[in-house]
Amino acid sequence: MILMQINQLMKRFGAETILDNIKLEIQTKDRIAVVGRNGAGKSTLLKIMAGELSYDNGEIHRAKEVSLGYLSQHTGLESTETIYNEMLSVFESLINEERALRQMEQKMGDPDFIEDQPKYQQLLNQYDQRQTDFKHDGGYQYQSDIRSVLHGMNFYASDYETPIHTLSGGQKTRLALAKLLLQKPDILILDEPTNHLDIKTLTWLENFLNNYPGAIVIVSHDRYFLDKTVNTVYELSRTQSKKYHGNYSYYLDQKARDYEQELKSFEKQQTEIKKLEDFVQKNLVRASTTKRAQSRRKQLEKMDKMDSPKGDEKSAHFAFDTDRRSGNDVLKIEALDFSYPDDSTPIFEDVSFHVNRGDRVALVGPNGVGKTTLLKILVGKLAAASGDIQYGAKLDIGYYDQEQTELNPRKTVLNELWDDYPMMNERDIRTILGNFLFSGDDVLKPVHALSGGEKARISLAKLMMQKANLLILDEPTNHLDLDSKEILEAALLDYPGTIIFVSHDRYFINEIATTVIEQSRNGATVYLGDYDYFVEKKQELADMHALTNKEKIDTFTKEKSSFEEEKQKKQQDRKRMRRIEEIEQLISEYETTIEKNETLLCEPEVFQDHERALKLTEENQTLNQTIETLMEEWELLHQEETSS
Numbered sequence: 001m002i003l004m005q006i007n008q009l010m011k012r013f014g015a016e017t018i019l020d021n022i023k024l025e026i027q028t029k030d031r032i033a034v035v036g037r038n039g040a041g042k043s044t045l046l047k048i049m050a051g052e053l054s055y056d057n058g059e060i061h062r063a064k065e066v067s068l069g070y071l072s073q074h075t076g077l078e079s080t081e082t083i084y085n086e087m088l089s090v091f092e093s094l095i096n097e098e099r100a101l102r103q104m105e106q107k108m109g110d111p112d113f114i115e116d117q118p119k120y121q122q123l124l125n126q127y128d129q130r131q132t133d134f135k136h137d138g139g140y141q142y143q144s145d146i147r148s149v150l151h152g153m154n155f156y157a158s159d160y161e162t163p164i165h166t167l168s169g170g171q172k173t174r175l176a177l178a179k180l181l182l183q184k185p186d187i188l189i190l191d192e193p194t195n196h197l198d199i200k201t202l203t204w205l206e207n208f209l210n211n212y213p214g215a216i217v218i219v220s221h222d223r224y225f226l227d228k229t230v231n232t233v234y235e236l237s238r239t240q241s242k243k244y245h246g247n248y249s250y251y252l253d254q255k256a257r258d259y260e261q262e263l264k265s266f267e268k269q270q271t272e273i274k275k276l277e278d279f280v281q282k283n284l285v286r287a288s289t290t291k292r293a294q295s296r297r298k299q300l301e302k303m304d305k306m307d308s309p310k311g312d313e314k315s316a317h318f319a320f321d322t323d324r325r326s327g328n329d330v331l332k333i334e335a336l337d338f339s340y341p342d343d344s345t346p347i348f349e350d351v352s353f354h355v356n357r358g359d360r361v362a363l364v365g366p367n368g369v370g371k372t373t374l375l376k377i378l379v380g381k382l383a384a385a386s387g388d389i390q391y392g393a394k395l396d397i398g399y400y401d402q403e404q405t406e407l408n409p410r411k412t413v414l415n416e417l418w419d420d421y422p423m424m425n426e427r428d429i430r431t432i433l434g435n436f437l438f439s440g441d442d443v444l445k446p447v448h449a450l451s452g453g454e455k456a457r458i459s460l461a462k463l464m465m466q467k468a469n470l471l472i473l474d475e476p477t478n479h480l481d482l483d484s485k486e487i488l489e490a491a492l493l494d495y496p497g498t499i500i501f502v503s504h505d506r507y508f509i510n511e512i513a514t515t516v517i518e519q520s521r522n523g524a525t526v527y528l529g530d531y532d533y534f535v536e537k538k539q540e541l542a543d544m545h546a547l548t549n550k551e552k553i554d555t556f557t558k559e560k561s562s563f564e565e566e567k568q569k570k571q572q573d574r575k576r577m578r579r580i581e582e583i584e585q586l587i588s589e590y591e592t593t594i595e596k597n598e599t600l601l602c603e604p605e606v607f608q609d610h611e612r613a614l615k616l617t618e619e620n621q622t623l624n625q626t627i628e629t630l631m632e633e634w635e636l637l638h639q640e641e642t643s644s
């Protein structure tokens, strides 16, 4: 079923065309990624689809009954409610229906109402239907859904009563996403949903979206995330859109194949055109060949000439180098602790690891364990509470701050670099900025007017010019489009120095890292390998832990089972002995009764009374049969006792 259809969409900002002739179709269960460079119009397209932005031309068709949910790139949930109450508001209609069902139940339990059978039966039928609908709509699981989604977004029972307005921006963003996921619209539109999510939460979100019942449209710069979640890619480039079937990796391969095929076809046609043009030129004036030349000219005029295929748009181009080589031992960190002066609870403690020259160390771990804090300690911006850091010889440290606080917002792009290197001439500074896609008047823009991606490129340009032999990078891929990430990866892979970095981009970690250090509040665990190795090793350890726990459980279960069996056997023995004693008592009583009856039958007044004599005789016969049955049971019980 087609949920939304976009045809020949156009959007302009002033005289500049951002989107032109865009075509996009969303069907039930589609998983769509919209990709392209920063500035290609991805967020603009999503806002138009969500109805938050107008468009200049084209058509958008969406059925009225199709619901749509949209998470913008910088959305944060604003509310005076507590976390749990805000999530409950999603299910207000179900909560009201639940109250109505409780009222109906009370009414059905009223004895006076029950006596009015027609009305009672009518209410019973209504209740049955409404209860079925309530169950179908998730009335018995919405609270479980809330807990599940909040847990996935790193909010736990202890957080439920926290007022939302007291939370950080990142927490509010996660809650906005959580609320949208609980609403379960038919079309879920997400603009950079992976921002502010750690790796554990990203993995949970991937699993949630893979099981989502509706269609999803995503803009994301996380390649690992896109590979796991999407099956269709729309690329926006030069105001146009092109559709690819498959995940992000398949899109890259297919795009490269398409370009090669288009280039071959173009070159083949150009060769053919050249031959025809040469033939016409040589033979048009000759009487014997002029007709054939005119035929070739008509063939040329009718030919549908192909445009030269356009390759990738202009990319940043840079490389990192060092002025000198560091010693073999770069860093030795021993038992490092950190806590803020006004907080007795440590952010982390007992963190220890060593870094050697040439290592590429990725710091990973949940949000809040102090990864950024640790980097700031290493570059001297914060002081550790205790522990020891030993820096190696000939060490030059370059630091990339994810918040770009190193940039001066009042400076121009040109002066941001030139003021640090005043002895360089302007042409060389402009050349470097050109490599980072700043050209012409772009270099005269004030830093505060730049986008997040542009500020990231300026920070990388400054880092490149330092020629440090130890790069400490805090979320270097934030704000970078997918193409810029690939350029950064290539530059870091060729870098001859040492790298310590924090990133939630799993693809980036996998490409760069030779060592993964998982940081927690209570220390750090070192994994000598890339991200895939880290995941594999973690799973191995989890499986071993689970197996150890299973063995413990099996042993406990076996011991418990043995105890239960012994306990049950003793209970059965006691029960059997009680039954044997009961049978023996009954037999004794019945035999006494038989003796009494036989004595009575010997008396003249009794045996002459035929009815009474017959009654006593029948009673004795019944008692003898009962005794016989009891004796059989008694023998069986004794046999069981002997065999046990």
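The sequence shown begins at 1 in UniProt numbering and counts up by one. By construction, the Cβ of each residue, glycine as well, lies at the ideal position given by its N, Cα and C atoms.
Three-way DSSP call (helix, strand, coil) for residue i in this model
i, result
"T405", "coil"
"G36", "coil"
"F607", "helix"
"H61", "strand"
"N211", "coil"
"D396", "coil"
"H245", "strand"
"M4", "strand"
"E349", "strand"
"Q27", "strand"
"T412", "strand"
"L470", "strand"
"L188", "strand"
"L433", "helix"
"D329", "strand"
"Q629", "Just to set this straight, residue 629 is Thr in the shown sequence, not Gln. Reduced to three states, the DSSP call for T629 is helix."
"S43", "helix"
"E235", "strand"
"G370", "coil"
"A293", "helix"
Residue from the options whose Cα sits closest to the Cα of residue i
i, options, result
"G170", "F225, N195, H245, D609", "N195"
"D388", "V413, E349, V369, P409", "E349"
"K11", "Q261, M1, D483, K23", "K23"
"V138", "E98, D343, M104, Q269", "Note that residue 138 is Gly in the sequence shown, not Val. For the residues E98, D343, M104, Q269, the minimum Cα distance to G138 belongs to E98."
"V351", "A542, T477, R521", "R521"
"H221", "D253, S89, D483", "D483"
"T162", "V34, L395, S79", "S79"
"I487", "I512, E595, L407", "I512"
"N478", "Y400, N435, P409, Y527", "Y400"
"F225", "L205, D323, T622, L77", "L205"
"L175", "L528, D342, L375, V149", "V149"
"A33", "E540, D159, L209", "L209"
"N57", "L19, K64, D573, Q299", "L19"
Identified DSSP bridge partners for residue i
i, result
"F13", "E16"
"S386", "D337"
"V535", "In the DSSP output, where bridge partners are listed per residue, V535 has none listed."
"R360", "I499"
"residue 696", "It is not possible to answer for residue 696, since the shown part of the chain is limited to 1 through 644."
"Y391", "L331"
"Q106", "Paired residue(s): none; Q106 is not in a bridge."
Cβ distance (whole Å) where residue i is taken to contact residue j below 8 Å
i, j, result
"K467", "D321", "5 Å"
"H245", "T232", "6 Å"
"L46", "V219", "6 Å"
"L101", "Y127", "7 Å"
"F318", "L460", "7 Å"
"R357", "G327", "7 Å"
"G370", "I347", "4 Å"
"A215", "T75", "With a Cβ gap of about 20 Å, A215 and T75 do not count as contacting."
"L470", "G497", "6 Å"
"P446", "T412", "6 Å"
"G392", "L331", "7 Å"
"L9", "V66", "Not confirmed; about 18 Å, so no contact."
"I583", "E619", "Not confirmed; about 20 Å, so no contact."
"V364", "I164", "Going by Cβ atoms, the distance from V364 to I164 rounds to 28 Å, so no, they are not a contact pair."
"V443", "L414", "4 Å"
Chain D contact for residue i (CB, 8 Å cutoff)
i, result
"E235", "The displayed structure is made up of one protein chain only, and chain D is not part of it."
- Run through the region 477–519 for me and flag every whole alpha helix (DSSP H) of 4 or more residues, listed as ranges in chain order. Here the runs fully enclosed are 482–493, 506–512.
- Every unbroken alpha helix (DSSP H) inside the region 124–175 [4 residues or more]: If we require 4 residues or more, the alpha helix (DSSP H) runs fully inside the region 124–175 come out as 142–152.
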